[in-house]
Structure formats: C-alpha cells, structure tokens
Amino acid sequence: MEACSRGITWVRQALTDWGLLDRGQDALLIAAELLSNAAKHAGGIRRLTLTHHDGLLQITVTDPSPDPPRLRAHRPESVGGHGIFLVDRLAQQWGTRPHGRGKTVWATLSLPP
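Heads up: the sequence shown is residues 2 to 114, going by our numbering.
Right under this line is the structure:
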C-alpha cells in the first residue's frame, strides 16, 4: 500500500503544479481507487500516468493482471467493493485496455482550465 500512498502524493503534486488541486478532489479519489484496486486485486502497480489536455484529465494505472475490474451493484451496507462504483460515478468515462500480460485501467474527467 506504500505504492498507493506514493501515487496519490504524486497525483496531488501534479494537480498542484498544474493549478488544478482546488478542482481535483475527484481526481485524487479516482486515482486512489485505481491504485488500490491494482495493489489489492491485480498483483501490484506497474505504472501510473496523469495527463491534462484541453480541459480533460486522464488517469491511467497499469497492472500485471489481465482481468478487468468489475463494476458491482452499489451496496451501502457493504464495507468494501465500492472502488470501481466510485470511479464509474465520478469519471466522465473509464475503461480498460488489455496488453501483453496485464492491462491498463483509465479514467477521464473534465477539469477545465
């Protein structure tokens, strides 16, 4: 989970550097969920990228598992299993790209300049 913490710190710093931190709280939550899913369910985090262009922010997390995350029905009484549900609610779009022996999970949200 240390990799998750470092990743979130890196995303926070990038948003700060780009002057987007005040509008980037959803991005921090999305990054935390994607990183946590990779660490807990997909064998670890291989890569984290963050791009901002034309008012769109894209977060990508690459991991070694070929299995895509599953969107589950929201169960408020449940302790876990809310990660991809939150990503689905907060991101404009999200999805997966399989490659080699793993995948990249990405999420895009609008953060106009």
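Backbone N, C-alpha and C define an ideal beta-carbon position, used for all residues, glycine too.
As the structure is a prediction and not an experimental result, all values here were calculated from the model.
Identity of the residues DSSP links to residue i by a beta bridge
i   : result
P99 : K104
S6  : Answer is none; S6 lacks a bridge partner.
Q94 : T109
Residue range of the alpha helix (DSSP H) that includes residue i
i   : result
L91 : 84–91
CB of residue i within 8 Å of CB of residue j, strictly
i   : j    : result
R24 : L112 : yes
Q59 : T10  : no
P65 : G96  : no
A4  : I46  : yes
P70 : N38  : yes
Cα-Cα separation, residue i to residue j
i    : j   : result
T116 : A40 : The chain is shown from 2 up to 114; residue 116 falls before or after that span and cannot be answered.
S16  : L49 : This sequence places Leu at residue 16; Ser is not what is there. Whole-angstrom Cα-Cα distance: 14 Å.
L72  : F86 : 6 Å
H54  : L36 : 22 Å
D27  : W19 : 15 Å
L21  : G56 : 10 Å
T63  : P99 : 9 Å
H42  : G84 : 11 Å
C-beta neighbour in chain B for residue i, strict 8 Å
i   : result
Q26 : Among the chains in the structure shown there is no chain B, since it carries only a single protein chain.
Runs of alpha helix (DSSP H) wholly within the stretch 17–76 (minimum 4 residues, chain order): 26–42
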